[in-house]
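For the sequence shown, the working numbering gives the first residue as -19, with consecutive numbering after it. Even glycine gets a Cβ: it sits at the ideal position worked out from N, Cα and C. As the structure is a computational prediction, the values presented were derived from the model and not from experiment.
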Amino acid sequence: MTEALAKKTKKAKTFIEEINSDIPPGVAFKNVNLKKKVISYFANIGNATIAELGKELNLSVPKITSILNDLISEGLVQDHGKVDSTGGRKPNVYGLVPDSGFFLGIDVKTHHINIGLTDFQKNLISNINNYPYRLSNSEESLEELCAIITKFIEELPVPKSKILGIGINLYGRINYAKGYNYNVFHFNDDPLSKIIEEHVGIKVFLENDSRAMAYGEFCSGVVEKEKDVLFLNLDYGIGMGVMINNQLYYGKSGYSGEFGHIPVFQNEIICKCGKKGCLETEASGWALIKMFKERLQAGASTLIDLKDGELEDLKLDDIIAAAQNDDVLAIELIAKVGKKIGKGIALLINIFNPELIILGGSLSSTEDYILLPIKSAINKYSLSLVNNDTQIRISALGEQAGVIGACLLVRQKMFALEHNIYV
């Protein structure tokens, strides 16, 4: 068999296979990026005619037609038929086939996991909230996480081959480009994303949990027309996702948003980061649990039913549930934490002058119990001319913010254009 004939008979890679492999330079590289442009347009803007795509992407009608034919043949794009026009021949409109590809999002919390699957058009197809799981920096915890993901995939109503990528959110400092987490599961030389990928058999992307939640809210949640947004993840720790001019801000090394570790207090409390005086030492879920235990040991009463020896097992969710049932101690301490968080937010407002600040994470579910003291502290500590135009809203997606954000970030990263497209 001649070399030319071998090339002809060799099975061509599909578009999905191409974007998951090393793409050669030249024409093939350029074509893959042009297909990414079309897919991204459909995913983010919506259906379009050939003329609309050509104008938006600055491509000729023959080129757009060729790209669409390729994507249609692979089952990614469909022809929706004729659309109304002002005159002349009615053009055909094209768009994504929603169930041609899916994205899996896993939001890993301290005591549970939220997991869900979305299609190309952001529809949540299947999800589980509050799946029991104990996050710890151990091989056993990592193996359990992989087992949970594998089980969820096996029970999905869609074939595994259609899941194009998995997004996993974890707290702490994450190098999303290389797939490392420097806070948990950092005991192997190989990237964490590759280790999980080998277990589950699907491409994996890691992301900081607060950043993914911010992206979920920005794309599908409480954000309306705002472009400059801060998302605060008020949970056991305090994280932040930053959106500037519609884009996630990562910072030079990808570690932006460490709001919980700004040195606010003059105290000798050692933070989980190893420093003293961090905002988290007095204004986080961990701090709230510590204060709650101290008050109970001092004789305070609570609606929480704690039997002998169970005080050490007290969880943040227990305190939140108590507050929602009008527990005086829980409400008092949440307000105390809220004032200190508000002082920290006042610093952010003075620095960023954002259009919107979103309060998310488990503590945000207490709504006015934490929102009112936060607003009071903001008014006290931030410049009035600066904070007048900053809105404060509670997350609309709640527990789903991280899952939806993880799925959408996978979609965005998989179809992002490669650099040097015309080189």
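ask   = Per DSSP, what kind of secondary structure is residue 275 in: helix, strand or coil?
value = Here residue 275 corresponds to residue number 295 of the sequence shown, with the count starting at 1. Correct three-state label for residue 275: helix.
query = If you draw a straight line from the C-alpha of residue 402 to the C-alpha of residue 359, how long is it?
reply = The residue labelled residue 402 in the question sits at position 422 within the sequence shown. The residue labelled residue 359 in the question sits at position 379 within the sequence shown. For residue 402, the pLDDT reaches just 29, beneath the cut-off of 50, and the residue's location in the model is therefore unreliable, although a value from the coordinates is still provided. Answer to the nearest angstrom: the Cα atoms are 51 Å apart.
inquiry  = DSSP three-state label for residue 50, please.
reply    = Position 70 of the sequence shown holds residue 50. Correct three-state label for residue 50: helix.
request  = Rank 377, 330, 317 by C-alpha distance to the C-alpha of residue 340 and give the top, closest one.
outcome  = One-based indexing of the sequence shown puts residue 340 at position 360. Of the candidates 377, 330, 317, the one whose C-alpha sits nearest the C-alpha of residue 340 is 377.
key: Contact under 8 Å by Cβ, residue 182 with residue 146   = Locating residue 182 in the sequence shown gives position 202, counting from the first residue. Locating residue 146 in the sequence shown gives position 166, counting from the first residue. Contact flag set, yes.
ask   = Counting only runs that start and end within the region 194 to 258, where is the alpha helix (DSSP H) found for 4 or more residues in a row?
value = none
inquiry  = Which residue wins for smallest C-alpha separation from residue 239, given the options 212, 224, 223?
reply    = In the sequence shown, the residue the question calls residue 239 occupies position 259. Ranking 212, 224, 223 by Cα distance to residue 239 puts 212 first.
task = Taking all protein chains shown into account, decide if residue -19 is buried (16 or more other Cβ within 10 angstroms of its Cβ) or exposed.
result = Within the sequence shown, numbered from 1, the residue matching residue -19 stands at position 1. Interpretation of residue -19 is limited by its pLDDT of 47, a score under 50 that renders its predicted location unreliable; no figure is taken from the coordinates.
Collapsed DSSP secondary structure at residue 39 in the structure displayed = Your numbering for residue 39 matches position 59 in the sequence shown. If DSSP states are grouped into helix, strand and coil, residue 39 belongs with coil.
task = Just the C-alpha distance for residue 27 and residue 49, rounded to the nearest angstrom, thanks.
result = As a working mapping, residue 27 is identified with position 47 in the sequence shown. As a working mapping, residue 49 is identified with position 69 in the sequence shown. Each residue's Cα considered, the two are about 15 Å apart.
inquiry  = On the CB-based measure, 16 or more other CB atoms within 10 Å of its CB, does residue 103 come out buried or exposed?
reply    = Numbered from 1 along the sequence shown, position 123 holds the residue referred to as residue 103. Counting Cβ neighbours within 10 Å, residue 103 comes out exposed, since fewer than 16 surround it.
inquiry  = One question on the structure: do residue 215 and residue 343 come within less than 8 Å of each other, judged by their Cβ atoms?
reply    = Residue 215 sits at position 235 when you count from the first residue of the sequence shown. Residue 343 sits at position 363 when you count from the first residue of the sequence shown. Yes, they are a contact pair.
ask   = So which of 381, 163, 322, 367 has the shortest CA-CA distance to residue 336?
value = Position 356 of the sequence shown, counted from the first residue, corresponds to residue 336. Cα-wise, what sits closest to residue 336 is 367.
Selection from 227, 234, 8 that minimises the alpha carbon distance to residue 194 = To locate residue 194, count along the sequence shown from 1; it is residue 214. Cα-wise, what sits closest to residue 194 is 227.
key: 6 Å Cβ shell around residue 385 - same chain, five flanking residues per side excluded   = Along the sequence shown, read from residue 1 onward, the residue named residue 385 stands at position 405. Answer for residue 385: 192, 193, 195, 196, listed in chain order.
task = Ignore the nearest five residues each way along the sequence and tell me which others in residue 229's own chain have a CB closer than 6 Å to its CB.
result = Position 249 of the sequence shown, counted from the start, is the residue given in the question as residue 229. Excluding sequence neighbours, residue 229 sits near 222, 236.
message = If we define contact as Cβ-Cβ less than 8 Å, is residue 178 a contact residue for chain C?
response = Note that chain C does not occur in the displayed structure, where there is just one protein chain.
ask   = Hey, residue 87 and residue 189: beta-carbon distance below 8 Å or not?
value = On the sequence shown, residue 87 is found 107 positions in, with the first residue counted as 1. On the sequence shown, residue 189 is found 209 positions in, with the first residue counted as 1. Result yes, Cβ atoms of residue 87 and residue 189 sit closer than 8 Å.
request  = Go ahead and label residue 274 buried or exposed: buried means 16 or more other beta carbons lie within 10 angstroms of its beta carbon, across all protein chains shown.
outcome  = Your numbering for residue 274 matches position 294 in the sequence shown. With fewer than 16 Cβ atoms within 10 Å of its Cβ, residue 274 is classed as exposed.
key: Candidates 177, 25, 219: closest to residue 89 by CA position   = Taking the sequence shown and counting its residues from 1, the one referred to as residue 89 is at position 109. Residue 89 has its Cα closest to that of 219, out of 177, 25, 219.
query = Does DSSP put residue -5 in a helix, a strand or coil?
reply = On the sequence shown, residue -5 is found 15 positions in, with the first residue counted as 1. Residue -5: helix per DSSP, three-state reduction.
query = Taking all protein chains shown into account, do 16 or more other C-beta atoms lie within 10 angstroms of the C-beta of residue 38, making it buried, or fewer, making it exposed?
reply = Here residue 38 corresponds to residue number 58 of the sequence shown, with the count starting at 1. Answer is exposed; the Cβ neighbour count stays below 16.
Whole-angstrom distance between residue 14 and residue 374, CA atom to CA atom = Within the sequence shown, numbered from 1, the residue matching residue 374 stands at position 394. Within the sequence shown, numbered from 1, the residue matching residue 14 stands at position 34. Straight-line Cα distance between these residues: approximately 39 Å.
ask   = Do residue 161 and residue 144 have their C-beta atoms within less than 8 Å of each other?
value = Taking the sequence shown and counting its residues from 1, the one referred to as residue 161 is at position 181. Taking the sequence shown and counting its residues from 1, the one referred to as residue 144 is at position 164. Contact: no.
With 16 other Cβ atoms within 10 Å as the buried cut-off, status of residue 120 = As a working note, residue 120 is residue 140 in the sequence shown. It counts as exposed.
request  = Taking only the alpha-carbon atoms, compute the straight-line gap between residue 29 and residue 300 and give it to the nearest angstrom.
outcome  = Translated into the one-based positions of the sequence shown, residue 29 becomes position 49. Translated into the one-based positions of the sequence shown, residue 300 becomes position 320. CA-to-CA, the gap between residue 29 and residue 300 works out to about 50 Å.
message = What does the alpha-carbon distance come out to for the pair residue 297 and residue 95?
response = Numbered from its first residue, the sequence shown carries residue 297 at position 317. Numbered from its first residue, the sequence shown carries residue 95 at position 115. Taking the straight line joining both Cα atoms gives about 19 Å.
task = May I ask you to report which of helix, strand or coil DSSP gives residue 344?
result = As a working mapping, residue 344 is identified with position 364 in the sequence shown. Of the three classes helix, strand and coil, the one that applies to residue 344 here is helix, per DSSP.
inquiry  = Using DSSP's beta-bridge definition, name the partner residues of residue 373.
reply    = As a position in the sequence shown, residue 373 is number 393, starting the count at 1. DSSP, once it has assigned bridges, lists 338 as partnering residue 373.
request  = Rounded to whole angstroms, what's the CA-CA distance from residue 115 to residue 327? Just pull it up for me.
outcome  = By 1-based counting over the sequence shown, the position of residue 115 is 135. By 1-based counting over the sequence shown, the position of residue 327 is 347. Roughly 31 Å separates the two Cα atoms.
ask   = residue 189 by DSSP, collapsed to three states: which one?
value = Walking along the sequence shown from the start, residue 189 turns up at place 209. Helix.
ask   = In three-state DSSP terms, what is residue 101?
value = On the sequence shown, residue 101 is found 121 positions in, with the first residue counted as 1. Residue 101 falls in the coil class under three-state DSSP.
task = Quick one: give me the first and last residue of the alpha helix (DSSP H) that residue 393 is part of.
result = Position 413 of the sequence shown, counted from the first residue, corresponds to residue 393. Here the alpha helix (DSSP H) through residue 393 covers 381 to 394.
ask   = Comparing alpha-carbon positions, which option in 354, -5, 166, 53 lies nearest residue 122?
value = Within the sequence shown, numbered from 1, the residue matching residue 122 stands at position 142. Out of 354, -5, 166, 53, 166 has the C-alpha closest to the C-alpha of residue 122.
ask   = With which residues is residue 75 paired in a DSSP beta bridge?
value = Counting from one through the sequence shown, the residue named residue 75 turns up at place 95. Residue 75 is bridged to 58.
message = In the DSSP output, which residue or residues are listed as bridge partners for residue 29?
response = Numbered from its first residue, the sequence shown carries residue 29 at position 49. Beta-bridge pairing links residue 29 to 73.
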